[in-house]
Amino acid sequence: MSTLSSPLLYQVLLTDLPGHRLTIRLTIPQPAPDGQQLRLPAWIPGSYLIRDFARQIETLQATANGQVLPVSKLDKQTWEIAPHAGPIEVEYVVYAWDLSVRAAHVDETHAFLNGTSTFLEVLGQADRICELELLAPDAHSPAANWTVHTSLPEAQGHPRQAARRSFGVYRAPNYDALIDHPIEMGTPQWVCFDACGAEHELVFTGKIPNLDLERVRRDVQRLCEAQIRFFEPETARAPFLDSSDRYVFMTMVTGDGYGGLEHRASTALMCARHDLPVIGQDALSDGYQNFLGLVSHEYFHTWNVKRIKPAAFAPYQLDQESRTRLLWVFEGFTSYYDDLFLLRAGLIDEAQYGKILCKTIGNVHQGPGRFKQSVADSSFDTWTRFYKQDENSPNALVSYYSKGSLVALGLDLLIRQKSAQRHSLDTVMRALWQRHGRDFYLGRAQGIAEDAMPALILETTGVDAADFIARHAEGIEDVPLQTLWENAGYTLSWKTASELPDLGVRVQKQEPSLRLATVYEGGPAHRAGLSALDTVVALDGLRVTASNWDSLLGRYRGGETVEIHVFRRDELRRFTLQLAPPALSVCELRPASEAARFPLTSVSVSAPAESAIHSL
Ligand code: ZN
Numbered sequence: 073m074s075t076l077s078s079p080l081l082y083q084v085l086l087t088d089l090p091g092h093r094l095t096i097r098l099t100i101p102q103p104a105p106d107g108q109q110l111r112l113p114a115w116i117p118g119s120y121l122i123r124d125f126a127r128q129i130e131t132l133q134a135t136a137n138g139q140v141l142p143v144s145k146l147d148k149q150t151w152e153i154a155p156h157a158g159p160i161e162v163e164y165v166v167y168a169w170d171l172s173v174r175a176a177h178v179d180e181t182h183a184f185l186n187g188t189s190t191f192l193e194v195l196g197q198a199d200r201i202c203e204l205e206l207l208a209p210d211a212h213s214p215a216a217n218w219t220v221h222t223s224l225p226e227a228q229g230h231p232r233q234a235a236r237r238s239f240g241v242y243r244a245p246n247y248d249a250l251i252d253h254p255i256e257m258g259t260p261q262w263v264c265f266d267a268c269g270a271e272h273e274l275v276f277t278g279k280i281p282n283l284d285l286e287r288v289r290r291d292v293q294r295l296c297e298a299q300i301r302f303f304e305p306e307t308a309r310a311p312f313l314d315s316s317d318r319y320v321f322m323t324m325v326t327g328d329g330y331g332g333l334e335h336r337a338s339t340a341l342m343c344a345r346h347d348l349p350v351i352g353q354d355a356l357s358d359g360y361q362n363f364l365g366l367v368s369h370e371y372f373h374t375w376n377v378k379r380i381k382p383a384a385f386a387p388y389q390l391d392q393e394s395r396t397r398l399l400w401v402f403e404g405f406t407s408y409y410d411d412l413f414l415l416r417a418g419l420i421d422e423a424q425y426g427k428i429l430c431k432t433i434g435n436v437h438q439g440p441g442r443f444k445q446s447v448a449d450s451s452f453d454t455w456t457r458f459y460k461q462d463e464n465s466p467n468a469l470v471s472y473y474s475k476g477s478l479v480a481l482g483l484d485l486l487i488r489q490k491s492a493q494r495h496s497l498d499t500v501m502r503a504l505w506q507r508h509g510r511d512f513y514l515g516r517a518q519g520i521a522e523d524a525m526p527a528l529i530l531e532t533t534g535v536d537a538a539d540f541i542a543r544h545a546e547g548i549e550d551v552p553l554q555t556l557w558e559n560a561g562y563t564l565s566w567k568t569a570s571e572l573p574d575l576g577v578r579v580q581k582q583e584p585s586l587r588l589a590t591v592y593e594g595g596p597a598h599r600a601g602l603s604a605l606d607t608v609v610a611l612d613g614l615r616v617t618a619s620n621w622d623s624l625l626g627r628y629r630g631g632e633t634v635e636i637h638v639f640r641r642d643e644l645r646r647f648t649l650q651l652a653p654p655a656l657s658v659c660e661l662r663p664a665s666e667a668a669r670f671p672l673t674s675v676s677v678s679a680p681a682e683s684a685i686h687s688l
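The working numbering puts the first residue of the sequence shown at 73, with every later residue one more than the last.
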């Protein structure tokens with residue numbers, strides 16, 4: 073009966089690096105007697121768009137004892153192998169040339185792969201142990217000297233067990249875990265550090281001359297320690313130890329990349345080369361601050377969304393869209409805390425943090441779409457709206473990231489004020505962690521119900537936030553930050569970004585021409601008849617280019633009327649437009665008095681609210 077517990081074996085062969093192809097050999101010891109079905113996910117958790125990864129499987133063949141078995145395709149992502157008693161082997165080829173954190177990317181310099189686009193699920197056997205063998209390339213292969221970086225644990229006791237950072241066999245307890253540990257192989261720059269006793273690894277792929285790896289190591293270590301101590305003030309236990317003995321940051325560095333995707337014990341990041349610090353340069357550039365913010369964001373997800381989850385993601389339905397109205401909690405709260413932890417870890421000061429906050433407030437307030445869609449609706453519809461944006465999106469939708477982070481800020485200020493500083497949003501985050509997150513992978517915690525937040529906040533802090541959530545998260549009202557900051561001893565005010573009159577557009581400078589990227593609904597350009605994607609060629613009879621636009625526009629004042637010529641498709645059109653005064657688009661945050669203390673720096677670690685004690 074030993075085969076009952078036989079693991080599934082996935083072998084990865086680096087067969088065609090120049091052609092960006094991986095061969096996967098899957099051994100199924102006990103296929104379903106009435107025909108074994110295999111399926112690849114349609115999407116990757118954390119990125120809510122149907123991507124149909126199965127379209128990159130070029131060929132698939134099943135055999136048993138060298139005999140070919142018939143295979144039929146049931147839908148876009150599911151195969152069925154004819155019934156066979158006894159072990160079967162499936163071999164398939166995956167095309168892997170997606171330069172992003174979401175799929176797989178392979179060439180002679182490296183291989184990055186996500187399990188969601190590489191490893192077929194053996195339907196009905198999702199709970200079976202999965203062994204993953206990364207086959208060592210031969211000595212002539214460009215991959216011969218590669219190292220392997222992943223949070224997937226090595227298969228202890230297996231005869232071909234991988235040594236640390238090497239080819240060989242790794243092991244996942246089930247399919248869900250197998251596809252949540254991406255793998256980077258190549259010759260990256262890497263460094264390890266310890267945070268609260270847990271091992272962390274920073275891996276940078278791509279050419280990065282004079283990368284100040286030591287500085288990055290130091291800064292990221294501070295961030296990790298601050299977050300671990302925040303969620304576990306007593307034990308300082310790292311969250312990923314339920315899945316791996318290390319956490320891996322794998323970063324792909326390109327000319328202009330940006331993005332990240334969270335996993336249970338690792339994250340895949342992309343950043344621009346110029347965002348990373350150079351040895352000998354100590355200033356905190358905007359780019360490096362952004363990179364640290366991204367690191368902070370993805371690391372915070374280790375708690376919030378990888379373990380504290382909406383019920384809709386526990387478990388994930390990977391063959392189709394999976395909807396929740398709560399992404400404003402999982403992405404919004406994470407976006408709020410990512411920058412806040414730069415401050416709490418001492419990487420930026422209060423003035424720098426205030427600037428980041430004001431930039432977010434300014435961005436959110438620019439989009440008229442926030443009066444049409446709530447962050448809860450934006451969460452629900454993200455698959456077809458937020459993830460499928462176009463030129464009209466600022467008019468039609470709201471970001472559950474940026475407005476979600478303002479909802480978090482508003483809740484934080486509200487709870488601090490109403491609980492007389494005894495509680496804050498921190499209390500809520502820690503309660504979410506204790507009840508829903510800490511034991512999630514131990515099978516002893518459940519996802520959060522769609523309507524759970526108001527009761528949870530009331531119970532843990534004693535503050536009734538039901539009306540706030542109804543108006544600002546479920547509803548479309550702006551978060552009343554002016555009043556909330558005023559109550560906290562700070563003044564929030566608005567000023568103009570420049571002296572330029574306002575057209576109500578966002579322009580895109582594509583040398584040498586100037587294009588209207590967005591025409592804001594109700595603004596001067598909209599009223600005049602201009603459209604997004606129009607190419608502006610003249611202002612009052614003077615030729616417009618990307619480089620002279622600001623200086624030409626700067627000769628006019630709000631209230632004046634101008635003539636604008638544009639090309640729409642290849643047809644010349646003329647519009648008459650009345651300019652508006654410069655918009656108040658930039659916000660400023662200042663202490664109202666000398667004595668005012670910045671409220672968000674302090675981390676509340678007080679006991680649960682009294683009402684919570686009574687309810688026990
Ligand atoms: Zn996120």
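We put the CB at the ideal spot given by N, CA and C, even for glycine.
For Cys430, the secondary structure class from DSSP, reduced to helix, strand or coil, is helix.
In this structure, Leu285 sits near Val263, with a CB-CB distance shorter than 8 Å. Counting along the chain, His221 sits inside the beta strand (DSSP E) bounded by residues Thr219 to Thr222. For Arg301, same chain residues with a beta-carbon under 6 Å away, outside a window of 5 residues either side, are Ala308 in chain order.
Closer than 7 Å to some heavy atom of ligand 1: that does not describe the Cβ of His335. His369 has its Cβ nearer than 7 Å to a heavy atom of ligand 1. In the DSSP assignment, Phe372 falls within the unbroken alpha helix (DSSP H) covering Asp358 to Phe372. The beta-carbon separation of Arg97 and Val165, rounded to 11 Å, does not stay under the 8 Å limit for a contact. Here Asp106 is exposed. Its C-beta has fewer than 16 other C-beta atoms within 10 Å.
Not one heavy atom of ligand 1 falls within 7 Å of the beta-carbon of Thr432.
Inclusion of Ala337 and Ser368 in the CB contact set at 8 Å is not warranted, their separation being larger than that value. Inclusion of Ala610 and Gln582 in the CB contact set at 8 Å is not warranted, their separation being larger than that value.
Taking 8 Å as the upper bound for CB-CB distance, Phe458 and Ser446 are not in contact here, some 13 Å apart. Its Cα nearest to that of Phe312, the residue Ala249 stands out among Ala249, Ile255 and Arg488.
Annotation for His373 indicates a beta carbon within 7 Å of some heavy atom of ligand 1. According to the DSSP assignment, Trp621 belongs to the alpha helix (DSSP H) that extends over Trp621 to Leu625.
For Leu644, the number of other beta carbons within 10 angstroms of its own is below 16, and it is reported as exposed. In the DSSP assignment, Ile487 falls within the alpha helix (DSSP H) that extends over Ser474 to Lys490. The alpha-carbon of Arg507 is positioned some 12 Å away from that of Gly515. For Ala249, the enclosing alpha helix (DSSP H) has its first and last residue at Tyr247 to Leu250.
Apart from the 5 residues on each side of it in sequence, Phe363 sits with its Cβ closer than 7 Å to the Cβ of Cys343, Asp347 and Leu348 in its chain, given in chain order.
Proximity of the segment 619 to 626 to the segment 460 to 470 falls short of the contact definition, fewer than three beta-carbon pairs being nearer than 8 Å.
Using a cutoff of 7 Å, the CB of Thr568 does not count as near ligand 1, since none of the ligand's heavy atoms is closer than that. In this chain, Leu390 is not harboured by any beta strand (DSSP E), its DSSP state being neither H nor E. The residue from His182, Val84, Asp88 and Ala114 with its alpha-carbon nearest to that of Asp391 is Ala114.
The Cβ-Cβ distance between Leu651 and Glu635 does not fall below 8 Å. Taking 7 Å as the cut-off, the C-beta of Thr499 does not count as close to any heavy atom of ligand 1. Judged by DSSP in its simplified three-state form, Tyr513 adopts helix. Assigned with DSSP and collapsed to three states, Val401 falls in helix. When the Cα atoms are used, Leu483 and Ser496 turn out to be separated by approximately 8 Å.
Within the chosen limit of 7 Å, ligand 1 reaches the beta carbon of Glu403 through at least one heavy atom. In the DSSP assignment, Glu531 falls within the alpha helix (DSSP H) that extends over Met525 to Thr533. Within the segment 534 to 568, the alpha helix (DSSP H) runs of at least 4 residues that lie entirely inside it are, in chain order, 538 to 544 and 553 to 559.
Buried is the label assigned to Leu478, since at least 16 other Cβ atoms lie within 10 Å of its Cβ. Closest option to Gln261, judged by alpha-carbon separation, among Pro671, Gly278 and Ser119: Gly278. At a threshold of 7 Å, Thr406 counts as near ligand 1, since its beta carbon sits closer than that to one of the ligand's heavy atoms.
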